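Please read the structure below before turning to the comments.
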Amino acid sequence: MRVSSLLASSVLFLRAHAFDNSRYDNVAVYWGQNSYGAGHSDTANFQKTLSYYCQDNAIDVFPLAFLNTFFGPGGVPSINLANTCNPVDNATFPGTDLPNCASLAADIKSCQANGKVITLSLGGATGSVGFSSDDQATTFAQTIWNLFLGGSSSTRPFGDAILDGVDLDIEGGNSDHYATFVNKIRSLASGASKKYYVTAAPQCVFPDGALGGVLNTAQFDAIYGTQLRSTLKRIVDPDIFVSSSKYQFYNNPCGLTHFSEAANWNFGIWDNWARTTSPNKNVKVYIGAPASTSAAGSGYKNTANSRYDLAIKNALVAAGGTGFTFPSCTAPAWTAGNNYPGNSEVTFGGYIWKSKWFSSSQPAGNPNGDWSAISACSGAGSGSTTTTAAPGSPTAGSCAGVAAWSSTTVYTGGMKAIFNSHLWTANWWTQGDTPGGTSGAWTDNGACTSLNSRFFKL
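Residues -18 to -1, 1 to 440 in mature numbering (1 follows the signal peptide of the UniProt record, and there is no 0) are what the sequence shown spells out, letter by letter.
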């Protein structure tokens, strides 16, 4: 397992070399959706050719987005590459909605000759995808192999170009039968003369609703954090995070805009998954983020002003882009039986953890638990941390200026609300979870000692 994150173009290193998945400074860019063009009319800034972007020696991987229909007319898939190639504006193979994009073959082969990896991303935000059985998944894997990878077919959309693998950007449904699909692709590629890659793009919410099952049972080379849904999103996998699946850290409460909030930013949970649960312990985990404000509905982050990004830059310079030594475990070791106030930092199991609220439990990679993994570290931890006696009954608190709890309001960790004449604090992102209910989303701060006109009985 390795660790990964996002760097902006100002941090990218100019280099030309054969792709090496073990590196920590790889960059992936989704190409094909012309996201800028979707909201703008100035064609000069529309998505340019694949070969244009391949001239950037800082980029290593280009997932082509997207193969958005698994089973179209004729039982074959369809692809939509926006203004470059699609079933409406381009000729399709007879009896299908599969466009003939053979004009891209030269660009693909040129990029590959320049050391780039070109994969095909399956799914997307509006994709018609999914399997009804293992047999269907196996057959579909053979189809993808024949149409785009190392197989042969009379209907190859990219002509004689052979792509380097597949990416699962599944944003709806469930993970049923996807492990069978991945395993079949792996089996077909096992005797090939070239390396084929399998990646995935889950949401940062853990576990991912659509891909959680397959991520735990099939081998992935990389994970692109926070599903990269729009065109030209840049992600890097440096040394201080995880390695090789991509997670969508935008359009989500666990996204980059919340990276300083232990109760919401959960990259450490994914890091822990990669090191302890993933079938491939060398999986790369990238932080996926929009490359511009127009590339996603929300979540754009100027990395030049992000503290975590500056740390990544320093680590890459020190490691030369080829490896990473985890920092020392500077937080004190977690001790059983101690009670830790909110925001306490401890060392446990090769990680520095921060408590989301008062806790006496053992740190664990549970997104709904008391602890958030901050970073991997080396050593056993030292020093001491502040502990406190276990709390008894909730103490009374002032409710002045606090609104009544509403089932339709989104609350993030630390936000307060009034319910049944008590003051409550949200433990994490929540909506519709009643204070005092079984979800554990709220902490009772005690009966209100003062109210104001904003308080009303539900």
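C-beta: ideal position from N, C-alpha, C; glycine also. Bear in mind the structure is a predicted one, so any value in this text is a computation, not a measurement.
Query	Result
Using a 10 Å radius around the Cβ and a threshold of 16 neighbouring Cβ atoms, would you call residue 94 buried or exposed?	buried
Taking three-plus beta-carbon pairs below 8 Å as touching, is the segment 76 to 85 in contact with the segment 43 to 58?	yes
Where does residue 329 land, buried or exposed, given buried means 16+ other C-beta within 10 angstroms?	buried
Go ahead and label residue 358 buried or exposed: buried means 16 or more other beta carbons lie within 10 angstroms of its beta carbon, across all protein chains shown.	buried
If you draw a straight line from the alpha carbon of residue 15 to that of residue 100, how long is it in whole angstroms?	15 Å
Using 8 Å as the cut-off, can you tell me whether the segment 30 to 37 makes contact with the segment 81 to 89, which would need three or more C-beta pairs spanning the two stretches below that distance?	yes
Classify residue 354 as helix, strand or coil using the three-state DSSP reduction.	strand
Helix, strand or coil for residue 430? Go by DSSP, reduced to three states.	strand
Where does residue 165 fall in DSSP's three states?	helix
Among 425, 401, 416, which has the Cα closest to the Cα of residue 409?	425
Give the single residue among 62, 411, 20, 73 whose Cα lies nearest to the Cα of residue 106.	62
Using the Cα positions of residue 253 and residue 103, report the straight-line distance between them to the nearest angstrom.	23 Å
Only counting runs of 4 or more residues, tell me where the alpha helix (DSSP H) segments fall wholly within the segment 92 to 149, in order along the chain.	116 to 130
Quick one: grab the DSSP three-state call for residue 425.	strand
Does the beta-carbon of residue 175 have 16 or more other beta-carbons within 10 angstroms, so that it is buried, or is it exposed?	exposed
Between residue 443 and residue 363, what straight-line distance do the alpha-carbon atoms span, to the nearest angstrom?	Outside the displayed range of the chain (-18 to 440) lies residue 443, so it cannot be described from this structure.
Are the beta-carbon atoms belonging to residue 268 and residue 205 less than 8 Å from one another?	yes
Which of helix, strand or coil does DSSP assign to residue 297?	In this prediction, residue 297 scores a pLDDT of 41, lower than 50, which makes its location untrustworthy; the coordinate-derived value is nonetheless stated afterwards. DSSP places residue 297 in helix when its eight states are reduced to three.
Alpha carbon to alpha carbon, how far is residue 196 from residue 50?	19 Å
Quick one: Cα of residue 27 to Cα of residue 65, how far?	12 Å
Could you tell me if residue 407 is buried or exposed, where buried requires 16 or more neighbouring beta carbons within 10 angstroms of its beta carbon?	buried
Counting Cβ pairs, one atom from each stretch, are 3 or more of them under 8 Å apart for the segment 181 to 197 and the segment 155 to 172?	yes
Throw me the rounded Cβ distance for the residue 1 and residue 97 pair, which I believe falls under 8 Å.	6 Å
If you follow the alpha helix (DSSP H) that residue 33 is in, where does it begin and where does it stop?	32 to 36
Would the segment 141 to 148 and the segment 168 to 184 be scored as touching if the rule is three or more Cβ pairs under 8 Å?	yes
Bridge partners for residue 45 per DSSP, in chain order?	101
How would you label residue 22, buried or exposed, when you count the other beta carbons within 10 angstroms and need 16 or more for buried?	exposed
Could you tell me which of 412, 429, 112, 427 sits nearest to residue 421, measuring between CA atoms?	412
Apart from the five residues on each side of it in sequence, which residues of its chain come closer than 7 Å, Cβ to Cβ, to residue 303?	Caution applies to residue 303, whose pLDDT of 40 falls short of 50 and renders its modelled position unreliable; the model cannot decide the point.
Once DSSP output is grouped into helix, strand and coil, what is the label at residue 151?	strand
Between the C-alpha atoms of residue 200 and residue 261, what's the straight-line distance to the nearest angstrom?	6 Å
Excluding the 5 residues flanking residue 60 on each side, which residues of the same chain have their C-beta closer than 6 Å to its C-beta?	51, 54, 69, 79, 80
Compute the distance between the beta-carbons of residue 400 and residue 382, then report whether it is under 8 Å.	no
Out of 392, 44, 346, 125, point me to the one whose CA is closest to residue 13's CA.	44
Could you check if residue 185 is buried or exposed, using at least 16 other CB atoms within 10 Å of its CB as the buried criterion?	buried
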